[in-house]
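Quick notes on the structure that follows.
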Amino acid sequence: MSGEKAYLSVDVLAAVAAEVAAAVAKHGLVNTPLHPSMSTPSRLSILVEEVGEVAHEINEHYLSGRDRNHYYTHLEAELVQVAAVSIMWLEAIRAKKASS
Ligand SMILES: [Mg+2]
């Protein structure tokens, strides 16, 4: 990483880390993509659900005329959830590769 330009802000990375912690606390580690026993179809279905929620927020804004502040707040939250699920899945892959 040294010498590379940092494109990601600490705030965004912290929001994703907090979302991962919240997901583990809410659902239990075994029910998150972090857990090695979770199947690939289950991980994908969770990710696609979150992507669908991003689409829902976009539709609500453009079809229902929700105000811009509400839109960005909810869109950000859903994008953080997409990132959190993706990173949990990535961490599980890395852990599996490291143990094999
Ligand atoms: Mg969501």
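Residue numbers (my numbering): 176 to 275.
Glycine included, every Cβ here is placed at the ideal spot set by N, Cα and C.
Just so we're clear, the structure is a prediction, and the values are computed from it rather than from any experiment.
With fewer than 16 other Cβ atoms from the protein chains shown falling within 10 Å of its own Cβ, residue 269 counts as exposed. By a beta-carbon distance limit of 8 angstroms, residue 254 contacts residue 229. Their separation comes to about 6 angstroms. Excluding its 5 nearest sequence neighbours in each direction, residue 221 has C-beta neighbours in its own chain below 7 angstroms: 208, 260, listed in chain order. In this structure, 257 is the residue among 202, 240, 257 with its C-alpha nearest to the C-alpha of residue 187.
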